[in-house]
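Written below as structure tokens is the structure these notes are about.
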Amino acid sequence: MRTAEEIARLEEARQVQGFASIAPESIRVAGGIACFAGPGSWCNVVVGIGLAGPVSAEELDRIEAFYAGRGVPIRMELSPYVDAGLLAMLTARRFVLTRFENLLARDLSADEDSLAGAALPEGIVVRKVAPGEEDRFVDVSSSGFRPEGEPMSEADRQVSLAMVKEPRSISVMAWAGDEAVGAGSAEVRGEVAALFGTSVLPAWRKRGIQQALIRARLAEARARGATVATIGSMPGEPTERNVQRVGFRVVCTRVHLERA
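The sequence shown begins at 1015 in the numbering used here and counts up by one.
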């Protein structure tokens, strides 16, 4: 398996390219990208900076200018392998640590049995999203990331739909008859596949659906040529435990910073 740093750099590069393909507004800066999609959007983030060497004050000025007047905080996600001077510069600019995120990874071998998994309960089917199902997919996949009953913002819906329609994306749903009960995304760029955006409706949890969604995306990613899979999770969250059951391991911890 690749080293932790190699995997981290592959994932950062994938994120930069992925955000560039879906963000309505963005700038390339300091080896990474700063994105904006609308107030409150998960797409308002800076990723990938500081891995190609020192970040200059002028580059940080560009990031601040990009977000100026938009009414949103500046959020950054940083790899532990960024240039050592970057954190001190951000501290001086009043950025604060908001949380940690573990990056987990596993190899995708040619062993089909390793992704077969246990049989799903009778009546549950997991398959790729068909044309015309994109809106339903976005509703279900985002359901675990917002309070029950709270609608998505229009900005987030449009960015999420763009992501589903991106050719490199893998979107799968779990169905119980005509009801979509779970959904999850992945993206394949080169040799790396990243899993994200997975939700199962509360009434259908603890039935193996989460595991089936993970395995379906891994199998499709391997079929598309990916040799390593990644996923991000807050330390100790159910996502982390679920993917560790199918061979993922923590390779590094990223930091999230913010300035209001």
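By construction, the Cβ of each residue, glycine as well, lies at the ideal position given by its N, Cα and C atoms.
Computed from a prediction, not measured in an experiment: that's the story for all the values here.
- Annotated as proximal: V1214 and I1223, with beta-carbon spacing under 8 Å.
- Inter-segment contact for the region 1029-1048 and the region 1058-1077 is present: three or more beta-carbon pairs are separated by less than 8 Å.
- Where I1041 is concerned, there is no enclosing alpha helix (DSSP H), although the beta strand (DSSP E) around it starts and stops at E1039 to V1043.
- Here the alpha carbon of T1017 sits roughly 12 Å from the alpha carbon of V1264.
- When the Cα atoms are used, G1239 and G1083 turn out to be separated by approximately 43 Å.
- Between S1167 and V1178, the C-beta spacing is not below 8 Å.
- Judged by beta-carbon spacing, P1087 lies beyond the 8 Å limit of R1268, meaning their Cβ atoms are not closer than that value.
- Assignment of M1177 by DSSP, reduced to helix, strand and coil, places it in the helix class.
- Between V1139 and W1218, the C-beta gap is not smaller than 8 Å, which leaves the two residues out of contact.
- Residue pairing by DSSP puts M1090 in a beta bridge opposite V1060 and L1271.
- Within the same chain, and ignoring the five residues on either side of A1243 in sequence, the residues whose Cβ sits closer than 7 Å to its Cβ are A1119, R1120, L1122, A1207, L1209, L1232 and A1235.
- Following the DSSP letters along the chain, one finds A1018 inside the alpha helix (DSSP H) bounded by residues A1018 to I1036.
- Between A1098 and V1154, the gap from beta carbon to beta carbon reaches 8 Å or more.
- When DSSP assignments are scanned along the region 1184-1265, the uninterrupted stretches of alpha helix (DSSP H) that are 4 or more residues long and fall wholly within it turn out to be 1223-1237 and 1252-1258.
- The C-beta distance from E1026 to G1062 rounds to 5 Å, short enough to meet the 8 Å contact threshold.
- Annotation for D1121: no alpha helix (DSSP H) segment contains it, though the beta strand (DSSP E) segment containing it runs V1110 to D1121.
- For C1057 against A1044, the beta-carbon gap comes to about 18 Å, at or over 8 Å, which does not count as contact.
- Under the DSSP assignment, V1152 falls in the alpha helix (DSSP H) whose first and last residues are E1148 to S1156.
- In the DSSP assignment, R1141 falls within the unbroken beta strand (DSSP E) covering I1138 to K1142.
- In the three-state reduction of the DSSP assignment, A1048 falls in the strand class.
- Apart from the 5 residues on each side of it in sequence, R1150 sits with its Cβ closer than 7 Å to the Cβ of A1194 in its chain, given in chain order.
- Under the DSSP assignment, L1101 falls in the alpha helix (DSSP H) whose first and last residues are L1100 to A1106.
- Of the candidates S1035, R1023 and V1030, the residue whose Cα lies closest to the Cα of P1181 is S1035.
- Of the other Cβ atoms in all chains shown, 16 or more fall within 10 Å of the Cβ of F1109; this residue is therefore buried.
- Measuring C-alpha to C-alpha distances from V1143 to each of V1152, P1068 and P1216 identifies V1152 as the nearest.
- Shown here, R1084 sits in coil according to DSSP, grouped into three states, outside any helix or strand.
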